[in-house]
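Take a look at the structure below.
Residue numbers (the working numbering): 701 to 949.
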């Protein structure tokens, strides 16, 4: 069973309610219903990642601009997708991507996808995050590790994605002990291939492991041949109703 941890004492009153972090749907032209659903009043969405063309693209996209505007008008943060390529991406390229997201889409922050996890890469990620906050002082920054990184990364972002993968791994996963020093609003879990019948179990795991931003879907990656995040889960209304009232014990 998952390793159970306690959360930091005294954080209950300020804890972010459970909600969704959307890793990035397909282009609004391809998935208009998905983008429209996220702006529906009462939908528990913390933020949505905008990934135009493996980044901001080479020119403004009016369809993405319209979709991002609807979400922001609904009070939902829109984050620009920046590929850190596990530390191999040049600092200047990432900052350039961020600036275009700000100029074209008025992004509220950024997801640094494929973020490195090792201690040696921490100074460069710290430099990148500091620069992102300099060009947008209230930027919401999420580091997309997909697994537990060196604990030092927790001091350099608003949130960390500490799990991204299939249900077959998630249901037996364990949480790093150092995460118990932080409240649940600091952590995100993305899980694909979650069967409808195991949805309650998945939600309990997220709560036990201390992650208040989640994205669960029954879509799969088809053995690495597809993006499971591109469309809504088949049980969208069901999970909205469950998460909207809080994750069950």
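All residues carry an ideal CB built from backbone N, CA and C; glycine is no exception. Treat the numbers as computed from the prediction; the structure is a model and nothing was measured.
Residue burial is scored here from C-beta neighbours: residue 864 has at least 16 other C-beta atoms within 10 angstroms and is therefore classed as buried. Going by DSSP, residue 915 is part of no alpha helix (DSSP H) but of the beta strand (DSSP E) stretching over 913-916. Counting only the Cα atoms, residue 872 lies some 16 Å from residue 916. Going by beta carbons, residue 909 and residue 889 fall inside the 9 Å limit.
Where residue 764 is concerned, the enclosing alpha helix (DSSP H) starts and stops at 762-773.
Counting the other Cβ atoms within 10 Å of the Cβ of residue 720 gives 16 or more, which makes it buried. Relative to residue 829, the option among 884, 742, 792, 803 whose CA is nearest is 792. Residue range 859-866 is occupied by the beta strand (DSSP E) that includes residue 860. Membership of residue 720 in the beta strand (DSSP E) is indicated by the continuous run 719-722. Here the region 802-810 lies against the region 835-853, with 3 or more beta-carbon pairs under 8 Å apart. Considering only 856, 758, 846, the residue with the shortest C-alpha distance to residue 824 is 856. Taking the Cα of residue 726 as reference, the smallest distance to any Cα among 851, 744, 745, 755 is reached at 755. Shown here, residue 898 sits in a helix according to DSSP, grouped into three states.
In this structure, DSSP gives residue 829 a helical state, which the three-state scheme calls helix. It is roughly 12 Å from the alpha-carbon of residue 784 to the alpha-carbon of residue 798. In this chain, residue 890 is not harboured by any alpha helix (DSSP H); it is covered by the beta strand (DSSP E) spanning 887-892. In this structure, the alpha-carbon of residue 753 lies about 10 Å from that of residue 759.
Excluding residues up to 5 positions away in sequence, 739 lie with their Cβ nearer than 7 Å to the Cβ of residue 774 in the same chain. Residue 751 and residue 779 have their C-alpha atoms roughly 9 Å apart. Residue 936 carries a helical assignment under DSSP once its states are collapsed to helix, strand and coil.
Cβ atoms of residue 862 and residue 850 stay farther apart than 8 Å, at about 12 Å.
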